[in-house]
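Chains as they are written, first to last, in the numbering used here: chain H, 21 to 285; chain B, 21 to 285; chain D, 21 to 285.
In this text, a Cβ means the ideal position worked out from N, Cα and C, and glycines have one as well.
One structure is given here, and the rest of the page talks about it.
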Amino acid sequence: MSLHTPGSALRELRERRPLVQCITNAVVTGFTANALLAIGASPAMVDLPGEAGPFSAVADGVLVNLGTPAAEQRDAMREAVATGPRWVLDPVAVGALPIRTRLADELLRARPSVIRGNASEILALAGDGAGGRGVDSTDDPSAAGPAAAALARRTGAVVAVSGAVDLVTDGDAVVRVPGGDPLLTLVTGGGCSLGATMAAFLAIRDPFGAAVTASVAHAVAAERAARTATGPGSFAVAFLDALAALHPDELDAPGRVVVGGGIAA
Amino acid sequence: MSLHTPGSALRELRERRPLVQCITNAVVTGFTANALLAIGASPAMVDLPGEAGPFSAVADGVLVNLGTPAAEQRDAMREAVATGPRWVLDPVAVGALPIRTRLADELLRARPSVIRGNASEILALAGDGAGGRGVDSTDDPSAAGPAAAALARRTGAVVAVSGAVDLVTDGDAVVRVPGGDPLLTLVTGGGCSLGATMAAFLAIRDPFGAAVTASVAHAVAAERAARTATGPGSFAVAFLDALAALHPDELDAPGRVVVGGGIAA
Amino acid sequence: MSLHTPGSALRELRERRPLVQCITNAVVTGFTANALLAIGASPAMVDLPGEAGPFSAVADGVLVNLGTPAAEQRDAMREAVATGPRWVLDPVAVGALPIRTRLADELLRARPSVIRGNASEILALAGDGAGGRGVDSTDDPSAAGPAAAALARRTGAVVAVSGAVDLVTDGDAVVRVPGGDPLLTLVTGGGCSLGATMAAFLAIRDPFGAAVTASVAHAVAAERAARTATGPGSFAVAFLDALAALHPDELDAPGRVVVGGGIAA
């Protein structure tokens, strides 16, 4: 577990420019690619059966996002995770919708490095919730803490629950990342691009460090963007600018990473 | 028919945050979701067979947009409208292209609450025109007035014709909504997000009121955005900011809704 | 070969507003459509089997971009090029990924007017390179000069290699287009929208003139956008504004088009 120095992880990311394969939903592909480019990674949206498998074997990190899992994309996901890459599962709207719920259960067996979702999705995946209504979360990250820890222990993945205060756990240790800005909830792709950024940091850190570093980076960038934005449209633009302008030292400021505090706090 | 008080409809929308299922084209998914989030609705792009049907039964409004109707999406559309939801049909480029033209005819039998298109599309759907060339309209909304009224009477839908002055009719009453800004025609997704916004207001108002309220909201937001924009890129960003900043009273200003005037005026 | 007066080509484009069919990847559809609208063309994302063929017969130019070639889209590409349109092939990530590599070889037989790619893609298509890693180019345009010329002679297409200095060749003549801005490499869709713009200018100029004019227009717009941008997010927005604000005379400024210099210079 390498929680310390998210700033150094950002420095390394920009030096190595990891190749991140994104198998993600049709709504956020452009924003996700732009977020990865802005922070310093190299995105590749390779989601075809016959290409997704071979590509995942050379990618530095893989994102599997279940937002719009058409039939071809489902096969591409299966191929990609079968090569044993470092990968992030983003179980969008799982629990609420049947095809992706079955798919998530199936993909879990391929052992994701990180599972990132909102509280409703994590509760549903852990078997504790009724699911949200689409990408909205109707639950608080801390309320999902015990479910997240249980899910982490069961799957071996680090589980990251996104919300006003992000929560990251491997089933034992717990870290919280406060900050960010509510405007991010009015931009489609905010959470999805966070999952992609975690996949990028899998090239640089272990799963726990990758999830925490990405969460901190997004929190800092969102705060910076909110200072100039006049609404959700200008916020999305400023957020991309802020990701590119992130200084590694900002990520290491006191209070960015809150260790411990218990799973049900 | 509840034409009065589009402002109160906006207030209710923001309180209730209706869940809007969008089965829409690949070009505008992100912009459409962002427009719905900005005005205060909750978008969900659920367009898979096996999920689209169950989801439409719980959604507050459904958008079916024919812009890029791939085979899976066509099946999802059939599923979604079969559950009897309140829904908007946006027949993009119908008349000019064969697959969506047949699909539109088929979907009409499932009785959309609102049909929204440009003049060329409405003329084509009513059987009076040769179709446009893609999403462009080569006809004026008022020129499509008689066709719109006939289509409304034949299908039971409210028909909204978008253009420099929008026209809304149920086959009997006619309302015009002036305003907006020509820059909106240089942004892909302007019309498509208007259809989505009508689907959102179907949770709040009857189809006539929903179509008129959404048209007024977009007109006011476009005018506000044009005041700061320096081109179509900054206009799109400012338009999202403006949707979020809309004050309900602005929608009730005099002259926003012009009742009557005749269908061929 | 009509290299002179890219400015007059832009004037004609805005008068005629050519209809550009885009069969392109899921990541950049919105940005590409907005770029075409901004410069003055009329985009239509018609990529379904059964529609793509008939539409290509009436479109003024067609873009075939291999970024995310799902099965239906591959069939649509075959249909579209079979009607003998003026068209641009953008072989995204060819060489690195098997399905699109075979597809590119097949499509080449339908004789594209222009082939646009980065150096890695052109090297791979010409049989001289190992392919890039996704959309990144690991090679310099000038290094791909001999391969580009050989590919042009073999296929009859004009070949455009994008990079810090763009290179355009028909296998005999060579033109270089300097300028632009590195920020364009941090925006997804920069290269893809350049290919689309070349397809638009195919309605106005021969393939060589179309490729050069589009390259000059993008270079000038990127420089203008960079003057106000504060990062990649605001750059993308300013780039669309700049395309719309382009003055034809700017495109004819000295030094925008560098003729000759040899293929291996």
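Nearest neighbour of Ala144 (chain B) by Cα position, chosen from B:Ala163, B:Ser133 and B:Ala130, turns out to be B:Ala163.
Within the stretch 246-278 of chain B, contact with chain D at the beta-carbon level (separation under 9 Å) is assigned to Ala249, Thr250, Gly251, Pro252, Gly253, Ser254, Phe255, Ala256 and Val257. In the structure shown, Val279 (chain D) adopts extended strand secondary structure according to DSSP, grouped into three states. Per DSSP, the unbroken alpha helix (DSSP H) holding Leu127 (chain B) starts and ends at Pro118 to Leu128.
Three or more pairs of CB atoms, one per stretch, sit closer than 8 Å, so the stretch 45-63 of chain D contacts the stretch 205-214 of chain B. A direct Cα-to-Cα measurement between Phe221 (chain B) and Leu57 (chain H) gives close to 37 Å.
At a cut-off of 7 Å, the C-beta of Leu214 (chain B) has no neighbouring C-beta in chain H. Val181 (chain H) sits in a strand when the DSSP states are folded into three classes. As DSSP reads the structure, Ser62 (chain B) sits in a beta bridge with B:Leu39. Residues of chain D with a Cβ closer than 8 Å to the Cβ of Pro118 (chain B) are, in chain order, Gly70, Glu71 and Pro74. With respect to Thr189 (chain B), Ala172 (chain B) sits close: the two C-beta atoms are nearer than 7 Å.
With a minimum length of 3 residues, the unbroken runs of beta strand (DSSP E) contained wholly in the stretch 169-254 of chain H fall at 178-182, 186-189 and 194-197. For Val114 (chain D), no Cβ of chain H is located within less than 7 Å of the residue's own Cβ. Proximity to Pro227 (chain H) across H:Ser133, H:Glu71 and H:Asp95 peaks at H:Ser133, based on C-alpha coordinates. When the five nearest sequence neighbours on each side are left out, the beta carbons in the same chain lying within less than 6 Å of the beta carbon of Val181 (chain H) are those of Ala139, Ile142, Pro161, Ala164, Ala168 and Leu187, in order along the chain. DSSP, reduced to helix, strand and coil, places Val257 (chain D) within a helical segment of the structure shown. Non-local C-beta neighbours of Leu123 (chain B) in its own chain, meaning closer than 8 Å and more than five positions away in sequence, comprise Leu86, Pro89, Arg94 and Met97, ordered along the chain. Bounds of the alpha helix (DSSP H) holding Asp269 (chain B) are Pro268 to Leu271. In the three-state reduction of the DSSP assignment, Asn85 (chain B) falls in the strand class, which pools E and B. By the Cβ neighbour-count rule, Gly104 (chain D) is exposed, with fewer than 16 other Cβ atoms within 10 Å of its own. Val48 (chain B) sits in coil when the DSSP states are folded into three classes, being neither helix nor strand.
Counting only Cβ-Cβ distances below 8 Å, Pro89 (chain B) has contacts in chain D at Leu68, in chain order. Around Phe255 (chain B), the same chain offers Leu203, Val207, Ala245, Ala246 and Ala249 as residues with beta carbons nearer than 7 Å, after the five sequence neighbours per side are excluded. Take Arg106 (chain B), set aside five residues on each side of it, and the residues of its chain with a beta-carbon closer than 6 Å to its own are Gly81, Ser133 and Leu222, in chain order.
The alpha-carbon separation between Leu83 (chain B) and Gly27 (chain H) amounts to approximately 44 Å. If you compare the alpha carbons of H:Pro74, H:Arg120, H:Ile59 and H:Gly253 with that of Ser213 (chain H), the shortest gap goes to H:Ile59. In the three-state reduction of the DSSP assignment, Arg136 (chain D) falls in the strand class, which pools E and B. Annotation: Gly191 (chain B) to Val178 (chain B) spans about 8 Å, alpha carbon to alpha carbon. Asp95 (chain B) sits in a helix when the DSSP states are folded into three classes. Residue range Trp107 to Asp110 is occupied by the beta strand (DSSP E) that includes Asp110 (chain H). In this structure Asp201 (chain D) touches Ala242 (chain D) by the C-beta definition: roughly 4 Å separates them, less than 8 Å. If you look at Ala72 (chain D), you'll find it in the alpha helix (DSSP H) that goes Ala72 to Ser76.
Against chain B, the CB of Thr208 (chain H) has a partner CB under 7 Å away; the residue lies at that interface. Take Asp269 (chain B), set aside five residues on each side of it, and the residues of its chain with a beta-carbon closer than 7 Å to its own are Gly27, in chain order. Arg196 (chain D) and Val277 (chain D) have their C-alpha atoms some 6 Å from each other. For Val114 (chain B), the beta-bridge partners assigned by DSSP are B:Leu117.
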